[in-house]
Every structure is written in C-alpha cells, then in structure tokens.
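When the letters of the sequence shown are read in order and numbered with UniProt numbering, they come out as residues 1 to 136.
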Amino acid sequence: MTQRRWATFPAIEHAVLASFPFRATFSIVLAIWKVYPALKEYIKKQSLCAWPMIELYDSSEIRFVAPLTRQEDFLVPEATEEPAMDSDGRLTTEDEGERSGTEGGGERPVAAAASGGSSGSSSFEDLGLTAGGDAR
Numbered sequence: 001m002t003q004r005r006w007a008t009f010p011a012i013e014h015a016v017l018a019s020f021p022f023r024a025t026f027s028i029v030l031a032i033w034k035v036y037p038a039l040k041e042y043i044k045k046q047s048l049c050a051w052p053m054i055e056l057y058d059s060s061e062i063r064f065v066a067p068l069t070r071q072e073d074f075l076v077p078e079a080t081e082e083p084a085m086d087s088d089g090r091l092t093t094e095d096e097g098e099r100s101g102t103e104g105g106g107e108r109p110v111a112a113a114a115s116g117g118s119s120g121s122s123s124f125e126d127l128g129l130t131a132g133g134d135a136r
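Right under this line is the structure:
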C-alpha cells in the first residue's frame with residue numbers, strides 16, 4: 001500500500017499564474033498542451049526565473065503556479081533525493097510491489113495548497129490565453 005505524505009508549502013508571494021477550465025479528464029491533456037508553452041514563452045520574454053511548476057486542481061479549474069521567490073522551499077524531498085539503485089543498477093523502491101512502471105522519476109509530486117499571487121504575479125490575460133484556454 002502506498003503511504004500518503006503531506007507537505008506544507010510557504011505562502012506564494014510572487015508567482016507567474018495561469019488557469020485552464022477543468023471539464024473532463026481530457027482537459028488535463030489540453031491544459032498541458034496549451035498552458036505550458038504559453039508560460040514558457042512569457043517567462044522567457046520577461047526574463048524571469050520561475051520554477052518549479054505547480055499544478056492545482058479543483059472541480060472546475062486547473063491552476064498553474066510558478067513561484068518567483070523561495071523556489072527551493074517548494075521542492076519535496078523526493079524531488080531532491082538520489083534514486084536508490086540495486087546491485088544491477090536498476091531503480092528500487094521501498095516496496096517493489098508499488099512500482100508503477102514509470103522508472104526514472106516519471107511521477108510528479110503534487111502540491112497540497114498555495115495562496116494566490118500578489119503584485120508580482122502575472123495575469124491570465126498577460127499569457128495570451130482566453131477564458132476557454134485558447135491562445136489569442
């Protein structure tokens with residue numbers, strides 16, 4: 001059985017923000033396909049250092065948050081640890097029965113909660129996205 005772990009993250013004071021409507025599971029694919037390129041372009045154009053990317057989901061919206069300050073405070077221990085290897089050089093887990101088939105750290109940690117951005121955040125419109133998630 002997978003053990004649940006909880007992490008506490010600091011309040012987000014300055015961040016690049018975007019959102020995308022969540023209507024069905026396929027919304028996740030569309031959001032990733034549309035929002036991440038727009039975020040990447042915006043961050044590059046504004047010469048920002050925004051990382052790590054955090055995705056927050058609720059019943060109607062996917063929020064994308066890229067902190068501009070205190071970034072290392074948002075890393076979970078699993079993201080900074082070296083993967084455990086067995087004697088044959090294969091990745092190991094605490095319980096081999098839990099292996100999900102995504103070797104090499106393909107799984108992403110989930111952020112539990114974050115506060116809204118402040119004056120240092122960018123708006124949804126700044127990213128060139130409309131309410132339907134379409135690029136302008």
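Beta carbons: idealized from backbone N, C-alpha and C, even for Gly.
None of these values were measured; they are calculated from a predicted model.
If I follow the unbroken alpha helix (DSSP H) through residue i, where does it start and stop?
i: residue 137; result: No information on residue 137 is available, as it lies outside the stretch 1 to 136 that the chain covers here.
Can you find a C-beta in chain C that's less than 8 Å from the C-beta of residue i?
i: Lys45; result: Of the protein chains in this structure there is only one, and it is not chain C.
First and last residue of the beta strand (DSSP E) that includes residue i?
i: Pro10; result: No beta strand (DSSP E) contains Pro10, which DSSP labels as neither H nor E.
i: Phe20; result: 15-21
In chain order, what residues of the same chain have a beta carbon less than 6 Å from the beta carbon of residue i, not counting five sequence neighbours either side?
i: Phe20; result: Ala31, Val35, Ile62, Gly133
i: Gln3; result: none
Does any heavy atom of the ligand MN sit closer than 7 Å to the C-beta of residue i?
i: Lys40; result: This structure does not include the ligand MN; it has no bound ligands of any sort.
Near residue i, which residues of its chain fall below 7 Å by C-beta distance, leaving aside the five closest residues on each side in sequence?
i: Leu39; result: Val16, Ala18, Phe64, Ala66, Leu127
i: Thr92; result: Ala84, Met85, Asp86
i: Gly106; result: Summary for Gly106: the model assigns pLDDT 41, below 50, so the residue's position carries little reliability; its value from the coordinates is reported in the next sentence. Result list for Gly106: empty, nothing under 7 Å.
i: Asp88; result: none
Within its chain, find whatever has a CB closer than 8 Å to the CB of residue i; leave out the 5 residues flanking it on each side and keep chain order.
i: Leu75; result: Pro52
i: Asp58; result: Phe22
- Query: What are the uninterrupted segments assigned as alpha helix (DSSP H) that are 4 or more residues long and contained completely in the region 48-92, given in chain order?
  - Reply: Fully enclosed alpha helix (DSSP H) runs of 4 or longer: 77-80.
Could you tell me whether the region 79-88 touches the region 41-49, using the rule of 3 or more Cβ pairs below 8 Å? Contact between the region 79-88 and the region 41-49 is absent, with fewer than three C-beta pairs closer than 8 Å.
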